[in-house]
Structures are given as structure tokens and as C-alpha cells.
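Numbering (UniProt numbering), first residue to last: 1 to 477.
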């Protein structure tokens with residue numbers, strides 16, 4: 001792919017035009033969160049007629065793609081995975097430039113995306129086979145069989161924190177065409193994905209990108225030729241999209257929304273492992289404070305492109321201010337900030353949107369910071385006494401995306417896992433994600449599942465076909 005990768009956009013005339021190479025001089029605007037103030041990407045906002053053109057192009061291209069065998073499509077997806085890995089460093093650096101995460105995280109994300117294309121490219125041929133069903137009279141007289149067929153055109157509306165890792169792989173594996181609307185804050189890497197897909201052999205029109213904000217997403221939502229939606233984002237955004245989809249059309253929706261990610265740590269846990277996991281969660285036992293303080297020196301905040309940085313920048317100043325607002329709210333609710341909780345200015349990137357991860361104690365379960373998703377590096381420590389109590393409190397939330405439990409008593413861990421209202425539960429680990437394991441939420445954290453075979457099947461529709469092989473002249477009417 002190289003440093004002179006050409007970027008393509010949908011022009012107002014509906015043609016694909018070649019934009020300025022690597023400097024996106026064309027309006028969501030993405031600024032580098034590191035504080036340089038550099039404009040990383042500018043992309044044209046898709047108006048309604050642009051969305052119509054993109055969907056029309058996808059609708060025209062989809063039948064030929066869907067007519068390929070799953071094995072043929074799988075070869076192209078596996079080639080996509082190969083090209084992603086060949087260009088991993090380049091893509092990861094683009095992720096960092098647009099969303100500010102540390103480069104080591106971005107590399108993991110891009111490798112995970114390659115794994116996703118490999119996985120669905122490998123399993124599609126087996127999973128998409130239909131079934132034969134014997135009927136009364138036996139298979140020598142009549143039977144039925146099923147086919148898993150693509151839906152047509154599907155739309156993926158992505159989030160800024162994982163702009164390259166989307167529903168694209170299972171949707172393409174199932175034979176659909178995909179229109180992807182990325183977050184306006186991270187518009188670049190989905191375009192890079194488009195170039196990789198083209199290089200791998202995906203035909204023109206089968207994958208398209210439309211840029212914009214909520215209005216662009218609404219155009220996709222109500223478009224009659226878009227047969228399924230996948231949305232990653234806020235609870236409010238997911239609810240609005242689902243209402244739109246139900247009002248204008250009847251189409252399935254997969255939602256991956258917010259969460260609080262409670263982590264329950266018992267006093268018989270392996271403490272250092274538990275604290276490492278607790279950096280990613282919110283619900284902790286009180287006696288871990290000292291270990292947190294010992295971890296401070298390892299928590300390097302700074303330029304996200306440096307290999308030893310562990311905490312990068314926030315996506316933009318508005319998001320940083322939102323996190324700081326939760327800190328002020330926690331203070332008003334009686335919380336004590338044990339560490340962090342403020343904007344910092346690391347050397348060399350002083351103007352960036354950096355936040356020193358916070359550890360907060362002293363809050364009740366009713367505090368605003370406890371009830372709502374912060375979407376920032378804040379760890380809230382709330383003590384508990386009994387298993388019954390902590391399960392009840394952990395489930396007392398509108399969210400249900402993920403939760404975890406640390407204990408040396410595995411029987412207790414499994415017992416609690418079955419009682420937690422969450423789509424994913426981690427036992428003595430945290431934040432593992434594998435493409436062959438389903439991921440999705442309970443309650444307001446969404447519905448449907450990403451990853452695994454469930455996701456692939458969700459991008460298909462099942463057709464039943466009845467076959468009569470008797471001599472039909474014997475039928476009486």
C-alpha cells in the first residue's frame with residue numbers, strides 16, 4: 001500500500017473521484033488528538049442524493065457478489081486479511097492520528113480486524129449451507145430444503161474508537177454489499193479498508209463509504225434498499241436509529257451500545273492480575289488502592305505514536321471535557337479522587353487532549369458517575385460485603401454489555417457469572433475478545449451479536465423450498 005496510498009471519495013456527480021493523496025484536502029474534519037492541531041482528514045459530507053447514489057451502486061453490484069460461492073468470497077476475504085497484515089503499521093498509525101489511542105492498542109485492533117476477515121473467509125462455506133428436511137411420505141416422495149441467502153445491501157454505522165473493526169467481514173462473507181458510515185471524528189481508516197478490499201478482489205460497488213453525521217446515518221436508516229443496519233454507539237443513538245428503522249421500513253438492526261463493565265474482585269483473588277484488569281473496569285473491592293498507586297509509574301501518558309506510551313489522547317476536546325465533567329460530578333457527590341482525574345500536558349504534545357486516568361472512592365451507587373457510562377479512563381472503587389449484595393448491585397443498571405469477576409474460588413466465579421445480566425462475563429481475566437466468541441449486550445447495551453457464527457447468520461435470510469418428486473398426475477383436485 002505504501003505511503004502514497006490513493007484515497008477515493010464519492011463525488012457530487014456520483015462518480016468515484018481521486019482525492020488528494022494522503023492529505024485529504026476535501027467535511028467531517030478529523031484533527032490529530034495529539035495536540036499538533038494538524039488536520040488529518042477532511043471528507044465530503046454525503047447528502048441524501050449522495051447516499052441514494054451509493055446505495056444504488058451497491059444494489060447493482062450485490063447480485064453478482066452474492067452469486068459467487070461462499071468459498072469464492074472466502075478466498076477474497078482471506079486475501080483481505082493478508083493485505084491488512086502487510087499494511088498493519090500504516091493503518092495503525094492512521095488510527096492513532098484520528099482517535100488518539102496508543103499505537104500498541106491500534107496494532108492489536110488492526111490485527112484483530114485481519115483475524116475477523118480470516119475467520120469469516122474460512123467458515124462461510126460451511127455455515128451458509130442449508131438443510132434438507134424429510135417430510136411425511138419420506139424423501140423418495142417429498143422433502144424440503146433451506147437456503148441461506150444474502151439480505152442485499154446492509155449499512156454499518158461505526159464508532160470512532162474502533163473505526164477499522166466493523167461488521168464488514170461477516171456481511172461480505174454472507175454475500176451482501178456494505179455501505180459504511182464511519183464516525184465523523186474518525187473518517188479515514190474505513191477508506192483505507194475500501195482500497196484493501198478492492199486490491200483483494202472485491203468488485204466495485206460492493207463496499208462503499210459515505211461520510212457525515214447523524215443525518216447521513218438517518219438517510220441510510222430509512223432507505224428502502226438498505227435491508228439491515230448495524231450500529232455501534234450511544235444508547236440514545238441506537239434508540240433513535242431503531243425507531244427510524246421501524247417507522248420507515250421493517251428491517252433488522254444490530255446494536256452495540258454503551259456499558260459500565262462492572263468488575264467484582266473478591267479478597268481471595270490474585271491481586272496484581274485483578275488490578276491489571278481493573279484498569280479496564282469500574283467496580284472494585286476497596287483494598288486494592290495500594291496496588292493502584294504502585295502501578296502509577298508504569299502508566300505513561302504521552303505521544304500515542306511512541307511504543308512505550310500506555311495512555312494516549314482523547315478523540316477531541318469536547319470528549320475530554322465530558323470526562324472532566326464526570327470528575328466534577330463525582331466530587332460533588334462526595335467522591336475522593338485518589339489519583340489522576342485532570343487534564344495533563346505531556347512533554348512534546350502539550351496541547352493534546354490528554355487525561356490522567358482517575359481512581360475514585362467514596363461514591364454511592366446512586367452517584368451520576370456510577371450510573372452513567374463515562375467512556376473515559378475512570379475507575380470507581382465501591383466496596384461490598386457479600387456475594388448476594390454485589391450481584392444485586394452490579395445488576396442494578398440499565399446497561400449489560402460486559403462484567404467480570406475475580407476470585408480464587410472458581411465455583412463462586414461460575415455461580416456469579418450465571419447471575420450477572422451481561423452479554424459477556426470474564427472470569428479471572430478481562431477484555432479478552434476473540435472473533436469466534438459472540439459479543440453483544442443485554443438490556444440497553446444493545447441486541448444482536450457481533451463476532452462468531454451468529455453474526456454471519458444475522459446477515460442472511462432463510463428461504464424454505466418444498467420439493468415434490470411424486471407423479472403429480474395421481475393428485476386429485
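Glycine included, each C-beta is placed from N, C-alpha and C at the ideal position.
What residues match up with residue i in a beta bridge as DSSP calls it?
i, result
"residue 231", "157 and 255"
"residue 461", "149"
"residue 144", "133 and 466"
"residue 439", "450"
"residue 336", "361"
"residue 420", "None, per the DSSP bridge assignment."
"residue 356", "342"
"residue 211", "45"
"residue 378", "358"
"residue 311", "301"
Classify residue i as buried or exposed, calling it buried when 16 or more other Cβ atoms lie within 10 Å of its own Cβ.
i, result
"residue 466", "exposed"
"residue 211", "buried"
"residue 71", "exposed"
"residue 469", "exposed"
"residue 286", "In this predicted model, residue 286 has a pLDDT of only 34, less than 50, meaning its place in the structure is not dependable; the value taken from the coordinates is given anyway. Per the 10 Å Cβ criterion, exposed."
"residue 216", "buried"
"residue 98", "buried"
"residue 145", "exposed"
"residue 462", "exposed"
"residue 24", "Residue placement at residue 24 cannot be trusted, given a pLDDT of 32 that sits under 50; what the coordinates show is reported in the next sentence. Under this definition residue 24 is a buried residue."
"residue 128", "buried"
"residue 351", "exposed"
"residue 283", "Annotation note: pLDDT 32 at residue 283 (below 50); position unreliable, coordinate value reported separately. Answer is buried; the Cβ neighbour count reaches 16."
"residue 64", "exposed"
"residue 233", "buried"
"residue 264", "buried"
"residue 132", "exposed"
"residue 228", "buried"
Would the beta-carbon of residue i fall within 8 Å of that of residue j?
i, j, result
"residue 377", "residue 335", "no"
"residue 396", "residue 382", "no"
"residue 201", "residue 179", "no"
"residue 423", "residue 400", "yes"
"residue 157", "residue 231", "yes"
"residue 251", "residue 220", "no"
"residue 122", "residue 74", "yes"
"residue 225", "residue 59", "yes"
"residue 330", "residue 363", "yes"
"residue 111", "residue 83", "no"
"residue 503", "residue 339", "Beyond the ends of the chain as shown, which are 1 and 477, falls residue 503; an answer cannot be given."
"residue 390", "residue 115", "no"
"residue 61", "residue 235", "no"
"residue 337", "residue 327", "yes"
"residue 90", "residue 164", "no"
"residue 80", "residue 197", "yes"
"residue 387", "residue 416", "yes"
May I ask which residues mark the beginning and end of the beta strand (DSSP E) holding residue i?
i, result
"residue 344", "342 to 344"
"residue 372", "Element bounds for residue 372: n/a, residue is neither H nor E."
"residue 263", "262 to 265"
Along the chain, where does the alpha helix (DSSP H) that runs through residue i open and close?
i, result
"residue 386", "No alpha helix (DSSP H) contains residue 386, which DSSP labels as neither H nor E."
"residue 216", "214 to 222"
"residue 181", "No alpha helix (DSSP H) holds residue 181; the beta strand (DSSP E) holding it covers 177 to 181."
"residue 478", "Lying before the first or after the last residue shown, residue 478 is absent from the chain, which here runs from 1 to 477."
"residue 95", "88 to 99"
"residue 192", "189 to 200"
"residue 403", "Segment 402 to 406 is the beta strand (DSSP E) holding residue 403; no alpha helix (DSSP H) there."
"residue 172", "168 to 173"
Please confirm whether residue i has its beta-carbon closer than 8 Å to some beta-carbon of chain D.
i, result
"residue 166", "No chain D appears in the structure shown, which is made up of a single protein chain."
Inset, instruction - May I ask you to verify whether the segment 169 to 177 touches the segment 147 to 158, counting CB pairs closer than 8 Å and requiring at least 3? - result: Contact between the segment 169 to 177 and the segment 147 to 158 is present, because at least three Cβ pairs lie under 8 Å.
Legend entry - At least three beta-carbon pairs within less than 8 Å, the segment 300 to 320 to the segment 338 to 349: With contact defined as three or more Cβ pairs closer than 8 Å, the segment 300 to 320 and the segment 338 to 349 are in contact.
Inset, instruction - Count the C-beta pairs between the segment 427 to 441 and the segment 404 to 416 that are closer than 8 Å, then say yes if the count reaches three, no if not. - result: For the pair of segments examined, the segment 427 to 441 was found to touch the segment 404 to 416: the number of CB pairs separated by less than 8 Å reaches three.
Legend entry - Cβ contact check for the segment 441 to 456 and the segment 245 to 259: 3 or more pairs under 8 Å: Segments in contact, yes.
Inset, instruction - Examine the Cβ distances between the segment 88 to 98 and the segment 182 to 193 and report whether three or more of them are shorter than 8 Å. - result: With the cut-off at 8 Å, the segment 88 to 98 and the segment 182 to 193 touch.
Inset, instruction - Tell me, please, whether the segment 103 to 119 touches the segment 163 to 171 by the rule of three or more beta-carbon pairs shorter than 8 Å. - result: With a cut-off of 8 Å on Cβ pairs, the segment 103 to 119 is in contact with the segment 163 to 171, counting three or more such pairs.
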